[in-house]
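Reading the sequence shown from the start, the letters are residues -23 to -1, 1 to 368 in mature numbering (1 follows the signal peptide of the UniProt record, and there is no 0). Glycine included, every Cβ here is placed at the ideal spot set by N, Cα and C.
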Amino acid sequence: MFKRWGILCLLLFLLTGCFPITPREEEQVVEEGNEQEQEQVVEVVPQVITPDNYYQSVLYDGSYLHGESRGFGNSVVYNRLDLDQLEIGLTRIAQQYFDPDRYFFREGQFIKRNTLNSWLMRYDEETNPQGLNPALGESGEMREREESQPRYLSHILEHNYLVEDSNGQLNLGGIVIGLSMNSVYNFRVEDEQGRYYFYELPLSDEAIEQEGQRIANEILQRLRSENMQEGAFQDIPIVFALFREQARESVIPGNFIARSKAAARSELERWQRVNERYYLFPSTEANQEARNEADQFQRFKDDIQDFFDTFVGVVGKGRYVDNQVQELEIEIPLRFQGKAEIVALSQYVASELQQRFQGNYKVSVTITSVAGNTESVIIQNPNEEPFIHIF
């Protein structure tokens, strides 16, 4: 039964495109500026056909163009799970407005690093009038001043989407801005002896949304001003998405809560709710609110446990949109293993995926060693047999 599943190189799928590829000829863009800029050659990465329908990225002179704020998110978003979900989830938001078959992806190039830093800081009329977080409270002890005016905005992520014109040139066709909002405000207070005291303040969903919408409107005005690219963004549609981060110790990522679009020369439209969330498996919450997948996961976990004579921890997290599961990621950490054991377990997992998870959603399993190294990956896409890759 297992010979139907080849051990496929998933890494090469992602990096070199072992999925069916549609070649695309090089595009050339004439940039405003000097002669060297005008000769810059812009290429589109060949299309890779996947169920996720990723955007094709744009290369400049054969190189990937990193965003102006590259690496900045690691300094302001505490939980790496939140940052990863913000980045990849923002492209899913973009697909609601910019067709991946027509638009091409580029990291944000217009909100410069220094600008981003000043926007994320507190507003101060004298020292930082560009700050988007509220000014510090004026009365009481420092803890009271912090809690009366918490910082809601954690990070701003910009994505650019390019579209081909009738002359074959790629031009900016849309901007998507992700606003990553704190759900818990963590801060510290220093006393007179130089000792630090750490506090956390939970923030209500209503306050998060209200502040996020206020900030989105302010950023829209700044992007549409004459000072930004000489007013060029007045004719560019701009989409905003609000992302709610999880608490720092969370083992599941945050989620998007709302989105809105400002058409060319227009204000933001009515905000639309994004009904997205994550569940941890196993957990009491999943048992109560995602019972079907929780039961499937438990049976899968029991089968994997029967494969070994020692206890093996199996954990998973599921992404849900409109209360329907979209993707389930499972991790199986092993304490002791040989390569033959990894192969056998991977084959067994592939068989179990077909038996236990038959819904119209993607299931991926990662088998790791005690050192944290990935030993194998098994992926089952909807209506397909599992792919196996042994590292």
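Between F81 and Y138, the C-beta spacing is below 9 angstroms. Around the Cβ of N232, a 10 Å sphere holds 16 or more other Cβ atoms; the residue is buried. Counting every other CB atom within 10 Å of its CB across the protein chains shown gives F288 a total below 16, marking it as exposed.
At least 9 angstroms separates the beta-carbon of E169 from that of M119. Residue pairing by DSSP places R250 opposite A235 in a beta bridge. Burial of F217 is indicated by the presence of at least 16 other C-beta atoms within 10 angstroms of its C-beta. Unbroken beta strand (DSSP E) runs of no fewer than 3 residues, entirely contained in the segment 55 to 121, are found at 80 to 84, following chain order.
Note that the C-beta distance between L134 and I196 is not below 9 angstroms. Between the segment 23 to 43 and the segment 177 to 184, the count of C-beta pairs closer than 8 angstroms stays below three; the two stretches do not touch.
With a minimum length of 4 residues, the unbroken runs of alpha helix (DSSP H) contained wholly in the segment 237 to 324 fall at 261 to 266, 268 to 284.
Where Q198 is concerned, there is no enclosing beta strand (DSSP E), although the alpha helix (DSSP H) around it starts and stops at 182 to 200.
Minimum Cα-Cα distance from N360 among the listed residues Q17, F49, Q335, I154 corresponds to Q335. Listed in chain order, the non-local C-beta contacts of F284 below 8 angstroms within the same chain comprise L322, Y325, local neighbours out to five positions each way being set aside.
Rounded to the nearest angstrom, the Cβ distance from L60 to G50 is 5 angstroms, consistent with a contact under 8 angstroms. Runs of the beta strand (DSSP E) spanning 3 or more residues and lying entirely within the segment 124 to 149 occur at 130 to 141, in chain order. DSSP places N51 in the uninterrupted alpha helix (DSSP H) bounded by 50 to 53. As the crow flies, the alpha-carbon of S52 is around 43 angstroms from that of D286. Shown here, F334 sits in coil according to DSSP, grouped into three states, outside any helix or strand. For the pair V298 and E253, the CB atoms are nearer than the 9 angstroms cut-off.
Cα atoms of E308 and R296: separation of roughly 15 angstroms, rounded to the nearest angstrom. Among the bridge pairs identified by DSSP, V228 is matched with none. In this structure the segment 249 to 266 touches the segment 219 to 237; the number of beta carbon pairs closer than 8 angstroms is three or more. Put simply, of M158, D280, S353 the residue whose alpha carbon is nearest the alpha carbon of E183 is M158. A direct Cα-Cα distance of roughly 47 angstroms separates D101 from S143.
About 6 angstroms separates the CB atoms of I365 and A327; that is less than 8 angstroms, so the two are in contact.
Setting aside the 5 residues that flank it on each side, S40 has no residue in the same chain whose C-beta is closer than 6 angstroms to its C-beta. As DSSP reads the structure, Y176 sits in a beta bridge with F164.
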